[in-house]
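Undergrad: Quick one: the structure is below, and I'll ask about it shortly.
In our numbering, the protein residues as written are 99 to 187.
Take a look at the structure:
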């Protein structure tokens with residue numbers, strides 16, 4: 099099977115927002131990021147070459163989480179995971 103590059107993951111009629119949380123750019127040119135549909139509460143981790151990541155974001159019309167939005171999401175998830183925000187063990 100030939101790799102044709104990034105493509106839309108959802109039907110064009112699906113208007114749910116798509117979220118991206120940038121992780122990091124590796125020294126080999128790969129972008130580590132998280133992607134979620136409908137809500138940033140549940141995301142999957144993905145890795146793509148930088149050019150493909152940019153195309154993936156464009157095609158899927160993603161909303162990029164800001165660092166403050168990502169931090170707020172982490173606090174909220176810690177509350178559910180550990181009973182209160184900031185508790186990690």
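All C-beta atoms, glycine included, are put in the ideal place defined by N, C-alpha and C.
#1: For a test of the three-state rule: what should DSSP assign to residue 147, helix, strand or coil?
#2: Does residue 166 come out as helix, strand or coil in the three-state DSSP assignment?
#3: Going by CA-CA distance only, name the one from 165, 135, 156 that's closest to residue 112.
#4: Note down the Cα distance separating residue 115 from residue 130, rounded to an integer number of angstroms.
#5: Which ranges would you report for the alpha helix (DSSP H) in the region 109–144 if only whole runs of at least 4 residues count?
#6: Residue 127: which of 148, 178, 141 sits nearest, CA to CA?
#7: In whole angstroms, give me the CA-to-CA distance for residue 146 and residue 171.
TA: Taking the coordinates as given:
#1: In the chain shown, residue 147 corresponds to position 49, counting from 1. If DSSP states are grouped into helix, strand and coil, residue 147 belongs with the strands.
#2: On the chain shown, position 68 is the one that residue 166 refers to. Secondary structure of residue 166 (DSSP, three-state): helix.
#3: Locating residue 112 in the chain shown gives position 14, where the first residue counts as 1. The candidate whose alpha carbon is nearest that of residue 112 is 135.
#4: One-based indexing of the chain shown puts residue 115 at position 17. One-based indexing of the chain shown puts residue 130 at position 32. Rounded to whole angstroms, residue 115 and residue 130 show a C-alpha spacing of 20 Å.
#5: DSSP runs (the alpha helix (DSSP H)) wholly in the region 109–144: none.
#6: Here residue 127 refers to the residue found at position 29 when the chain shown is read from its first residue. The shortest Cα separation from residue 127 among 148, 178, 141 belongs to 148.
#7: To locate residue 146, count along the chain shown from 1; it is residue 48. To locate residue 171, count along the chain shown from 1; it is residue 73. In this structure, the alpha-carbon of residue 146 lies about 23 Å from that of residue 171.
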